[in-house]
Amino acid sequence: MDKLPFDPTITDVLKAYKFLKERVRHTPAEYSRQLSERAGAPVYLKLENLQICGSFKVRGALYKMNTLTPSERALGVVTCSSGNHGQGVAMAAKELGVKTKIFVPKDCPETKKAAIKWLGGEFVELIVTEGDYDFAEKESHEYSAKQGMTYVSSFEDPTVIAGQGTAAFEMFTDVPDIELLLVPAGGGGLLNGTAIAAKALNPNVEIWGVQSEASNPWVVSWRDGIVKEVTYAESIADGLYGGIPQSTLTLAKTRVKGILEVTEKDLARAIAFMFREQRYVIEGAGIAGIAAALAGRAPINGRKTGIVVSGGNIDDAKLSKILAEYK
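Note that the sequence shown covers residues 1 to 327 in the UniProt record's numbering.
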C-alpha cells in the first residue's frame, strides 16, 4: 500500500503503552561509558535485546494481536517474519488460542525458528520458505488471501507501529533530553514508532535511521521519497533485510532527519566490541546504531545520543565466528 489506513500519533502510542506496560519489560536506557568515550559524547542505550523474546518486536506483535476482533481471530492469522516479530505473534497466538501460520525466509536463524515453535506450541505452524525475506512475505500474503485469514504485518500497520513506539516513550521518560537518536531501519515499524514518540516528547530531537549497505533500500530511496529497487547482498543483519513499503517511507519523511549506512564489517566489529566491553549479546540488526557511532558514521558532534538496540537474537555459531574474526 502507498499509504497506511491512518497515521499513528502519540495518542496511539500511549494507548499501546497502557496495554503493554504490565505485559512487556520496561527495558533500561543505560549510559554506556565505553561508547561515550569512543563517541566523544554521552551515549545512552535502549536495551531491547533484554526485552521478552529478545527483541522490541514483541511490543507491536502483542498489541496488534490483542486488538484483533473476534471474527479476525476466528479466521486465523498469517504473518511473515525474519524471526523476531514471529516470536511475539507466536506468544500472543498461544495466549489467545488463535491458529497462526508464520512464514520465515530460508536463512532465518535457528535460534529464532526454535523460539517461534516453542512460544506458539500447537497454535503455530512455522513455514520455512525457499527464498529471502521478500519471497517469504509474498508467499505469506498470497496464502492469507487464498485462505481468507487475517494478515498481521510486522511493520506496515499503524497499530504495530504504535506498539513499537512504546520503546521510545519509555526511553524519553527515562532520559528526556536526548538530542540525537539512532534507530535501526528495517521495514519502518520501529523507525516510525520511535519517531512519533520521540518527536512528541522532545520536538528538537534529531532522528536518524541506520541500514546496512548489503540491504539498503532506505538509503537509495530517501532523497526522492520514492521506494527504489536495490541489489541485495548477504548480511548478518537479517532483521533489516529486504524491501520497504512506500507507506512507511512516506511516514518517516515527516519526522526522520535521514538514513545512515554502515558496512557489514562495521556491524561485526560492533557486535564484538559490545560483547567484550559490556558483555551484551546483540544481533546484527540490533547493533546498527552502535555500529554507526563506533565507525564515525553518525553526526553525533558532542550531542547527547540515544541508540535503540533492537534485539539480541543471534545464533551461537554466528556470534562465535564474529568473535574469532574481530579480536
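All residues carry an ideal CB built from backbone N, CA and C; glycine is no exception.
Note to self: Within the continuous beta strand (DSSP E) that includes Gln211, where are the two ends?
What the structure shows: Glu206 to Ser212
Note to self: Quick check for students: name the residue ranges of the beta strand (DSSP E) that lie wholly in the stretch 122-164, counting only runs of 3 or more.
What the structure shows: The stretch 122-164 contains these whole beta strand (DSSP E) runs: 124-128.
Margin query: Here's a check: name, in chain order, each residue in its chain whose Cβ is nearer than 7 angstroms to the Cβ of Ala198, leaving out the five neighbours to either side.
Written below: Ala168, Phe172, Leu181, Val205 and Ile207
Notebook entry, point to check: Sorted by chain position, which residues of the same chain lie with C-beta nearer than 6 angstroms to Leu45's C-beta, five sequence neighbours on each side aside?
Noted result: Same-chain partners within the cutoff: Glu30, Ser32, Ile307 and Val309.
Item checked: Three-way DSSP call (helix, strand, coil) for Glu325 in this model -> helix
Next item on the list: May I have the straight-line CA-CA distance separating Val104 from Tyr241, to the nearest angstrom?
Entry: 12 angstroms
Item checked: Between the CA atoms of Gly163 and Ala61 - distance to the nearest angstrom -> For Ala61 and Gly163, the distance between alpha carbons rounds to 8 angstroms.
Check: Less than 7 angstroms separating the beta-carbons of Lys106 and Glu130?
Finding: yes
Notebook entry, point to check: What do you get for Gln147, buried or exposed, if any count of 16 or more other CB atoms within 10 angstroms of its CB means buried?
Noted result: exposed
Note to self: To the nearest angstrom, how far is the alpha carbon of His26 from that of Lys15?
What the structure shows: 16 angstroms
Note to self: Considering just the uninterrupted stretch of the alpha helix (DSSP H) at Val13, what are its terminal residues?
What the structure shows: Unbroken alpha helix (DSSP H) run through Val13: Ile10 to Leu20.
Check: When burial is assigned at 16 or more other CB atoms within 10 Å of the CB, is Ser144 buried or exposed?
Finding: Burial call: buried.
Check: Is it true that the CB of Ala237 sits closer than 7 angstroms to the CB of Tyr326?
Finding: no
Next item on the list: Within the same chain, show all residues whose beta-carbon is closer than 6 angstroms to that of Gly280, passing over the 5 residues directly before and after it, in chain order.
Entry: Before going further, note that residue 280 is Tyr rather than Gly in the sequence given. Beyond the five residues adjoining it in sequence on each side, Tyr280 comes within less than 6 angstroms, by CB distance, of Met274 in the same chain, given in chain order.
Notebook entry, point to check: From the DSSP output, which residues share a beta bridge with Ile116?
Noted result: In DSSP, Ile116 forms no bridge with anything.
Next item on the list: Helix, strand or coil for Gly86, going by three-state DSSP, please let me know.
Entry: helix
Item checked: Residue from Lys64, Cys53, Ser82 and Leu96 with nearest C-alpha to Ala74 -> Leu96
Next item on the list: Quick one: residues in its chain with C-beta nearer than 7 angstroms to the C-beta of Ala92, no 5 flanking neighbours on either side, listed in chain order?
Entry: Cβ within range, chain order: Ala61, Leu62, Met65 and Asn66.
Checklist line | Cβ shell of Pro158 (< 8 angstroms), same chain only, five flanking positions each side left out | finding: Leu4, Pro5, Phe6, Asp7, Pro8 and Asp12
Checklist line | Gly302 versus Thr250, Glu261 and Gly40, residue with shortest Cα-Cα distance | finding: Gly40
Checklist line | alpha helix (DSSP H) runs wholly inside the stretch 27-57, at least 4 long, in chain order | finding: 33-39, all fully within the stretch 27-57.
Checklist line | Distance, Ala195 Cα to Leu251 Cα | finding: 10 angstroms
Note to self: For Asp315, tell me which candidate among Thr111, Met1, Phe19 and Leu191 has the shortest Cα-Cα distance.
What the structure shows: Thr111
Check: Buried or exposed: residue 334, going by 16 or more other Cβ atoms within 10 Å of its Cβ?
Finding: Any question about residue 334 goes unanswered here, given that the chain covers just 1 to 327.
Notebook entry, point to check: Just curious, the alpha helix (DSSP H) that residue 402 is in, first and last residue?
Noted result: Limits of the chain in this structure are 1 at one end and 327 at the other, which puts residue 402 out of reach.
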